[in-house]
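Visitor: Following this message is one structure expressed as structure tokens.
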Amino acid sequence: MPIRPESANTQAIARAAELLRAGQLVAFPTETVYGLGADATDDRAVAAIFAAKRRPQFNPLICHLPDAASAGALVAFDRRAGRLAERFGPGALSLVLPRLADCPVSRLASAGLDSLAVRVPAHPVALELLAAVGRPVAAPSANRSGRVSPTRANHVAEDLGGEVAMILDAGRCEIGLESTVVGLLGGDAVLLRPGGVPAEAIEAEIGRLAQPSDGPVQSPGMLPSHYAPALPLRLDARSAAPGEVLVGFGPDAPAGPNLSPTGELTEAAANLFALLHDLDRPEFSAIAVMAVPDRGLGRAINDRLRRAAASRA
Ligand code: TXA
Ligand code: MG
9 MPIRPESANT
19 QAIARAAELL
29 RAGQLVAFPT
39 ETVYGLGADA
49 TDDRAVAAIF
59 AAKRRPQFNP
69 LICHLPDAAS
79 AGALVAFDRR
89 AGRLAERFGP
99 GALSLVLPRL
109 ADCPVSRLAS
119 AGLDSLAVRV
129 PAHPVALELL
139 AAVGRPVAAP
149 SANRSGRVSP
159 TRANHVAEDL
169 GGEVAMILDA
179 GRCEIGLEST
189 VVGLLGGDAV
199 LLRPGGVPAE
209 AIEAEIGRLA
219 QPSDGPVQSP
229 GMLPSHYAPA
239 LPLRLDARSA
249 APGEVLVGFG
259 PDAPAGPNLS
269 PTGELTEAAA
279 NLFALLHDLD
289 RPEFSAIAVM
299 AVPDRGLGRA
309 INDRLRRAAA
319 SRA
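First residue of the sequence shown: 9, per the numbering used here; consecutive thereafter.
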């Protein structure tokens with residue numbers, strides 16, 4: 009049974025926070041669009057976001073925090089990031105920054121990248137919820153893949169009402185357009201997605217923004233668009249060749265690292281990037297990955313594996 013949105017009063021917000029802390033999905037309002045939230049430090053909860061959205065790819069997700077200080081515990085703010093946070097935060101601006109070494113956020117939320125998008129939303133319900141959760145909340149727009157972003161709680165109920173534990177309703181979103189996403193990874197600042205804060209206003213603070221499409225010569229610091237391990241990746245492996253480490257899938261795999269010993273795709277998604285990251289060590293010659301069924305979240309897993317393998321080919 010699809011659930012109905014609940015008015016976002018203090019009790020409902022407290023319950024939503026409990027659900028998030030227990031690893032459930034909760035849709036909540038922000039000033040841009042409604043978000044589909046999960047505990048960003050919980051690999052399985054983050055994997056459940058992708059399952060609910062039926063996204064065929066793992067796009068990196070934005071982490072929502074109640075204040076800039078909490079964001080500063082996850083990612084490295086440089087001077088430009090500090091200026092933008094001061095001028096436009098809380099608000100419709102997400103900053104993509106380097107993950108700190110001890111960043112507790114799921115690698116799946118970063119889609120395996122060494123960067124993380126952080127945002128402090130300006131909506132009072134979102135802020136109260138985030139403060140109550142006390143953990144970063146990963147949240148893409150609360151729509152099925154391929155549908156438009158929801159700006160009212162009933163949009164979420166129609167699209168994802170069967171997939172979430174709760175929908176907090178605070179009426180319509182004031183901005184109705186997603187946040188502006190700016191990458192600050194050492195080189196030029198890059199406009200990754202235009203959104204609620206105009207690019208011109210950002211350029212007035214920190215100077216010209218590069219476009220991701222700024223020609224074949226990419227400036228240093230431009231983002232790799234997807235995860236790529238240092239080691240070669242061999243797909244559809246049945247066993248490890250000498251020097252390789254095998255990543256199994258399912259109960260029939262040889263003993264050793266396994267994406268999901270029970271053959272469960274949500275668990276495999278939850279483990280994917282953390283496992284590859286841990287095995288990406290010079291003592292191995294390559295990472296051999298067993299076949300993962302190409303259905304449901306398996307399609308997103310295979311998409312990422314193919315891209316990671318191709319980037320080394
Ligand atoms: O307004 C918004 O931003 C809403 C509300 C809920 O906060 N969220 C949202 O999330 O629109 P989503 O997942 O639909 O879009 C996130 C965007 C994507 O374009 C993604 O590629 C980019 O942010 N992004 C996130 N993390 C990134 C990273 N580490 N590197 C590059 N791009 C990143
Ligand atoms: Mg979206």
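Cβ coordinates follow ideal geometry from the N, Cα and C atoms, glycine included.
Name the one or two DSSP bridge partners that R242 has.
Guide: Working through the sequence shown from its first residue, we reach residue 242 at position 234. A296, per the DSSP bridge assignment.
Visitor: Compute the Euclidean distance between the alpha carbons of L101 and L44, then round it to the nearest angstrom.
Guide: As a position in the sequence shown, residue 101 is number 93, starting the count at 1. As a position in the sequence shown, residue 44 is number 36, starting the count at 1. About 17 Å.
Visitor: Would you say the beta carbon of N310 comes nearer than 8 Å to a heavy atom of the ligand TXA?
Guide: If you number the sequence shown from 1, residue 310 lands on position 302. The answer is no for N310.
Visitor: Should T18 go down as buried or exposed, given a rule of 16 or more other Cβ atoms within 10 Å for buried?
Guide: Position 10 of the sequence shown, counting from 1, holds the residue named residue 18. T18 comes out exposed.
Visitor: If we ignore side chains and look at the alpha-carbon of each, how far apart do L82 and A282 end up?
Guide: Within the sequence shown, the letter at position 74 stands for residue 82. Within the sequence shown, the letter at position 274 stands for residue 282. Whole-angstrom Cα-Cα distance: 17 Å.
Visitor: Going by alpha carbons, who is nearest to R160 out of F36, V300, A20?
Guide: Taking the sequence shown and counting its residues from 1, the one referred to as residue 160 is at position 152. Ranked by Cα distance from R160, the options F36, V300, A20 are led by F36.
Visitor: Just the Cα atoms here: how many angstroms apart are L313 and A236?
Guide: By 1-based counting over the sequence shown, the position of residue 313 is 305. By 1-based counting over the sequence shown, the position of residue 236 is 228. Rounded to the nearest whole angstrom, the C-alpha separation of L313 and A236 is 9 Å.
Visitor: Rounded to whole angstroms, what is the Cα-Cα separation between A117 and G258?
Guide: Numbered from 1 along the sequence shown, position 109 holds the residue referred to as residue 117. Numbered from 1 along the sequence shown, position 250 holds the residue referred to as residue 258. Rounded to the nearest angstrom, the two C-alpha atoms are 23 Å apart.
Visitor: Is the CB-CB distance between L124 and V104 below 9 Å?
Guide: Counting from 1 along the sequence shown, the entry for residue 124 is found at position 116. Counting from 1 along the sequence shown, the entry for residue 104 is found at position 96. Contact flag set, yes.
Visitor: Following a CB-centred definition, is Y42 positioned closer than 8 Å to any heavy atom of the ligand TXA?
Guide: By one-based count along the sequence shown, residue 42 stands at place 34. The answer is yes for Y42.
Visitor: Excluding the five sequence neighbours on either side, which residues of its own chain have a C-beta within less than 7 Å of the C-beta of A56, listed in chain order?
Guide: Counted from its first residue, the sequence shown places residue 56 at position 48. Here the set comprises L33, A46, T274.
Visitor: Please report the residue range of the beta strand (DSSP E) in which L176 lies.
Guide: For the purposes of this step, residue 176 is taken as the residue at position 168 of the sequence shown. 174-177 is the span of the beta strand (DSSP E), which, as asked, contains L176.
Visitor: If you measure from the beta carbon of A125 to each beta carbon in chain C, is any gap under 9 Å?
Guide: Although the question refers to chain C, the structure presented lacks it and comprises just one protein chain.
Visitor: Am I right that A245 and A296 are in contact with their C-beta atoms under 8 Å? What's the rounded C-beta distance?
Guide: Translated into the one-based positions of the sequence shown, residue 245 becomes position 237. Translated into the one-based positions of the sequence shown, residue 296 becomes position 288. Sure, about 4 Å apart at Cβ, within 8 Å.
Visitor: In the DSSP assignment, find the unbroken beta strand (DSSP E) run with V253 in it and report its ends.
Guide: If you number the sequence shown from 1, residue 253 lands on position 245. Element bounds for V253: 252-255.
Visitor: How far does the beta strand (DSSP E) with L101 in it extend, from its first residue to its last?
Guide: Residue 101 sits at position 93 when you count from the first residue of the sequence shown. Residues 101-106.
Visitor: Would you kindly check if the distance between the Cβ of L92 and the Cβ of H234 is under 9 Å?
Guide: Locating residue 234 in the sequence shown gives position 226, counting from the first residue. Locating residue 92 in the sequence shown gives position 84, counting from the first residue. No, they are not a contact pair.
Visitor: In three-state terms, what does DSSP make of A35?
Guide: Along the sequence shown, read from residue 1 onward, the residue named residue 35 stands at position 27. DSSP places A35 in strand when its eight states are reduced to three.
Visitor: Report yes or no: do three or more beta-carbon pairs, one from the region 203-221 and one from the region 169-178, lie closer than 8 Å?
Guide: Counting Cβ pairs under 8 Å, fewer than three are found: no touch.
Visitor: Is it the case that the CB of R152 approaches a heavy atom of the ligand TXA more closely than 8 Å?
Guide: Locating residue 152 in the sequence shown gives position 144, counting from the first residue. No, the Cβ of R152 stays beyond 8 Å of every heavy atom of the ligand TXA.
Visitor: Considering only DSSP beta bridges, list what E14 is partnered with.
Guide: Numbered from 1 along the sequence shown, position 6 holds the residue referred to as residue 14. According to DSSP, E14 bridges with L176.
Visitor: Under DSSP, the alpha helix (DSSP H) around D167 begins and ends at which residues?
Guide: Counted from its first residue, the sequence shown places residue 167 at position 159. Element bounds for D167: 161-168.
Visitor: Taking the straight line between their C-alpha atoms, what separation do you get for R155 and S293?
Guide: On the sequence shown, position 147 is the one that residue 155 refers to. On the sequence shown, position 285 is the one that residue 293 refers to. Their backbone Cα atoms lie some 42 Å apart in a straight line.
Visitor: By the three-class DSSP mapping on this structure, what secondary structure does D302 have?
Guide: On the sequence shown, residue 302 is found 294 positions in, with the first residue counted as 1. Three-state DSSP puts D302 in coil, outside helix and strand.
Visitor: For P301, collect the residues of the same chain with a Cβ closer than 6 Å to its Cβ; drop the 5 residues on either side in sequence, then sort them by chain order.
Guide: Indexing the sequence shown from 1 puts residue 301 at position 293. Excluding positions up to five away in sequence, the list is empty.
Visitor: May I ask you to check if the CB of S319 is nearer than 8 Å to at least one heavy atom of the ligand MG?
Guide: Residue numbering aside, residue 319 sits at position 311 when the sequence shown is read from its first letter. Not a single heavy atom of the ligand MG lies less than 8 Å from the C-beta of S319.
Visitor: Report whether the distance from the Cβ of S157 to the nearest heavy atom of the ligand MG is below 8 Å.
Guide: Against the sequence shown, residue 157 aligns to sequence position 149. At least one heavy atom of the ligand MG sits closer than 8 Å to the Cβ of S157.
Visitor: Using 8 Å as the cut-off, classify the Cβ of H72 as near or not near the heavy atoms of the ligand TXA, replying yes or no.
Guide: Here residue 72 is taken as the residue at index 64 of the sequence shown, counted from 1. Within the cutoff, so yes.
Visitor: Just to confirm the assignment: which complete beta strand (DSSP E) runs, minimum length 3, are found wholly within the region 122-163?
Guide: 123-127
Visitor: Please name the residue in D288, E291, G271 whose C-alpha comes closest to that of A299.
Guide: Counting from one through the sequence shown, the residue named residue 299 turns up at place 291. Among D288, E291, G271, the Cα nearest to that of A299 belongs to G271.
Visitor: Using 8 Å for Cβ pairs, my map puts E14 next to L176. What's the rounded Cβ distance?
Guide: What you label residue 14 is simply residue 6 of the sequence shown in a count that begins at 1. What you label residue 176 is simply residue 168 of the sequence shown in a count that begins at 1. Sure, about 6 Å apart at Cβ, within 8 Å.
Visitor: Within the region 58-103, note down every full beta strand (DSSP E) run reaching 3 residues or more, in order along the chain.
Guide: 70-72
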